[in-house]
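FYI, our numbering numbers position 128 of the sequence shown as 623, with every residue one higher than the one before it.
We put the beta carbon where it would ideally sit given N, CA and C, even for glycine.
Report on the following structure.
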Amino acid sequence: MSPPRNGVLRWTGEGLTFSGQVGSGPIVTIDSDAKAGPSSTDSLLLGLMGCMSIDVLMILQKGRVTVNSLETRVEAERAPEAPKYFTRVRLTFSLDGPLPEERSKVDRAIELSRDKYCSVLHSLRPDLEFETVVEGM
Numbered sequence: 496m497s498p499p500r501n502g503v504l505r506w507t508g509e510g511l512t513f514s515g516q517v518g519s520g521p522i523v524t525i526d527s528d529a530k531a532g533p534s535s536t537d538s539l540l541l542g543l544m545g546c547m548s549i550d551v552l553m554i555l556q557k558g559r560v561t562v563n564s565l566e567t568r569v570e571a572e573r574a575p576e577a578p579k580y581f582t583r584v585r586l587t588f589s590l591d592g593p594l595p596e597e598r599s600k601v602d603r604a605i606e607l608s609r610d611k612y613c614s615v616l617h618s619l620r621p622d623l624e625f626e627t628v629v630e631g632m
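Structure follows, in C-alpha cells:
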C-alpha cells in the first residue's frame, strides 16, 4: 500500500473560494462559482483527464509510439438530485503522431489506463457510464 496523502484546504474568506495543497504540490484555488479557480467537480474532471492522459502517453512512449500531440476532451452528465454525482463521462483523445497501423497500441493504452492504472477513474462510482473515443488517426 502506498503512503497516505496529506493535504489542507482553507477558506479564503471570500464567497465559496478555498485554497489548498496536497503534500508539497502547488497551491490550488477551488471556487464553487469557477471564477477564481475550477469548481470541485471541474477539478475532478480535470484530474480524470490528467490521470488517463498521463497513463496513455507513458504507455505509448514505452511502446515507442511517436506522439506529437495529445488533447483530451470531456463530456460529462450529472444526476439531477443531490448529491449530483457523475452518471456519464465520455473522454475523447485526439492524437497526432501515431501511424494508422499503431491504432491497436493506442486502443490498448487507453484500455490499460481505464481497466488497470487510472486511480481517479477507479475512485468514482462503479455504476458510472464511461466511454472513450479516439480521434485524429
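Span of the alpha helix (DSSP H) around residue i
| i | result |
| --- | --- |
| Glu-606 | 598–607 |
| Ile-554 | 535–557 |
Where the beta strand (DSSP E) through residue i begins and ends
| i | result |
| --- | --- |
| Thr-507 | Premise fails: Thr-507 is in no beta strand (DSSP E) and is neither H nor E. |
| Leu-590 | 581–591 |
| Glu-630 | 624–630 |
| Ile-525 | 523–526 |
For residue i, three-class secondary structure by DSSP
| i | result |
| --- | --- |
| Gly-514 | Looking at the sequence shown, residue 514 is not Gly but Ser. Here Ser-514 sits in strand by DSSP. |
| Val-562 | coil |
| Asp-610 | helix |
Beta-carbon separation (whole angstroms), residue i vs residue j, contact threshold 8 Å
| i | j | result |
| --- | --- | --- |
| Leu-627 | Arg-609 | Here the sequence assigns Thr to residue 627, which means Leu is not the residue at that position. Right, their Cβ atoms sit about 7 Å apart. |
| Asp-485 | Thr-512 | Residue 485 is absent from the structure shown; the chain starts at 496 and stops at 632. |
Exercise. Is the number of C-beta pairs between the region 564–581 and the region 611–618 that are closer than 8 Å three or more?
Worked result: no
Exercise. Given 8 Å as the limit, is there contact between the region 549–568 and the region 584–599, that is, 3 or more CB pairs closer than that?
Worked result: yes
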